[in-house]
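Comments concern the structure below.
In structure tokens, the structure reads:
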């Protein structure tokens with residue numbers, strides 16, 4: 062593949078015919094991150110009014126996606142992903158720039174997003190005008206973790222896998238007890254400031 066260049070992609074609205082390419086882009090993007098367990102076999106249906114964008118390279122391959130749910134004056138990034146080989150080339154930033162024009166035109170005042178500890182993702186949000194506002198923990202019970210603190214209804218086995226939220230104040234204790242503990246951060250960008 063030639064050197065990836067965000068200037069070589071077309072940003073456009075998502076179409077139903079993009080479904081397979083959207084899923085492929087998201088899976089390939091997420092599978093090597095802390096969100097590897099959030100890969101999906103199909104695209105989530107977003108509510109009316111959502112912004113649904115794709116970045117398309119020559120040949121029609123989807124190399125980036127951005128989905129934003131809009132609720133009045135507030136909006137939340139549901140998915141942002143760039144296909145490996147196109148990451149760090151400005152594709153996500155172009156998608157965001159396109160979305161910001163639409164959001165501002167609709168009178169949206171705040172755009173937020175949630176992400177884990179991935180350094181590149183956190184830098185991208187910060188570089189694009191987002192500030193951290195909240196943090197809490199994503200905690201997983203999985204292979205090798207002691208499930209004795211978890212209870213289940215009668216007739217069911219002890220948990221095999223569990224995903225729960227935890228308080229940031231309990232981080233040290235939870236990290237000592239479970240192998241998969243991530244800080245989840247909320248980033249927000251004020252769209253009224255120029």
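In the working numbering, the protein residues as written are 62 to 255. Note that beta-carbon positions come from the ideal geometry of N, C-alpha and C, so glycine has one too.
task: Compute the Euclidean distance between the alpha carbons of residue 247 and residue 208, then round it to the nearest angstrom.
output: In this model, residue 247 and residue 208 are separated by some 29 angstroms (Cα to Cα).
Paired residues, beta bridge with residue 204 - DSSP: Residue pairing by DSSP places residue 204 opposite no residue, since no beta bridge is assigned to it.
message: Beta-carbon within less than 6 angstroms of residue 135's beta-carbon, same chain only, minus the 5 sequence neighbours each way: which residues are those?
response: Excluding sequence neighbours, residue 135 sits near 171.
query: Roughly how many angstroms separate the alpha carbons of residue 234 and residue 200, rounded to a whole number?
result: Rounded to whole angstroms, the separation of the alpha carbons of residue 200 and residue 234 is 11 angstroms.
- prompt: Taking C-alpha atoms, which residue in 228, 110, 116, 225 lies nearest to residue 168?
  reply: By alpha-carbon distance to residue 168, the top candidate from 228, 110, 116, 225 is 110.
message: Among the candidates 194, 78, 178, whose CA atom is the shortest distance from the CA of residue 103?
response: Ranked by Cα distance from residue 103, the options 194, 78, 178 are led by 78.
task: Confirm, please, whether the CB-CB distance from residue 173 to residue 138 is below 9 angstroms.
output: Less than 9 angstroms separates the beta-carbon of residue 138 from that of residue 173.
task: State the start and end residues of the unbroken alpha helix (DSSP H) segment that holds residue 164.
output: Residue 164 -> alpha helix (DSSP H) spans 152 to 166.
- prompt: Which residue or residues does DSSP assign as beta-bridge partners of residue 245?
  reply: Answer is 197, bridged to residue 245.
Length at least 3, wholly inside the stretch 66 to 90: the beta strand (DSSP E) runs in chain order: Along the stretch 66 to 90, the beta strand (DSSP E) occurs as fully enclosed runs of 3 or more residues at 71 to 74, listed in sequence order.
query: How big is the Cα-Cα spacing for residue 87 and residue 74?
result: Distance between the alpha carbons of residue 87 and residue 74 is about 16 angstroms.
message: Given a cut-off of 9 angstroms on the beta-carbon distance, is the pair residue 178 and residue 243 in contact?
response: For residue 178 and residue 243, yes; Cβs fall inside 9 angstroms.
field: Buried/exposed call for residue 80, threshold 16 Cβ in 10 Å
entry: Its Cβ having fewer than 16 others within 10 Å, residue 80 is exposed.
task: Rounded to whole angstroms, what's the CA-CA distance from residue 166 to residue 251? Just pull it up for me.
output: About 14 angstroms.
field: Straight-line Cα distance separating residue 202 from residue 100
entry: If you take the alpha carbons of residue 100 and residue 202, they lie about 18 angstroms apart.
task: Starting from residue 232, follow the alpha helix (DSSP H) in both directions and report where the run begins and ends.
output: Unbroken alpha helix (DSSP H) run through residue 232: 232 to 238.
- prompt: In whole angstroms, what separates the C-alpha of residue 67 from that of residue 192?
  reply: About 25 angstroms.
- prompt: Of the residues 108, 85, 95, 72, which one's Cα is nearest the Cα of residue 181?
  reply: Nearest C-alpha to residue 181: 95.
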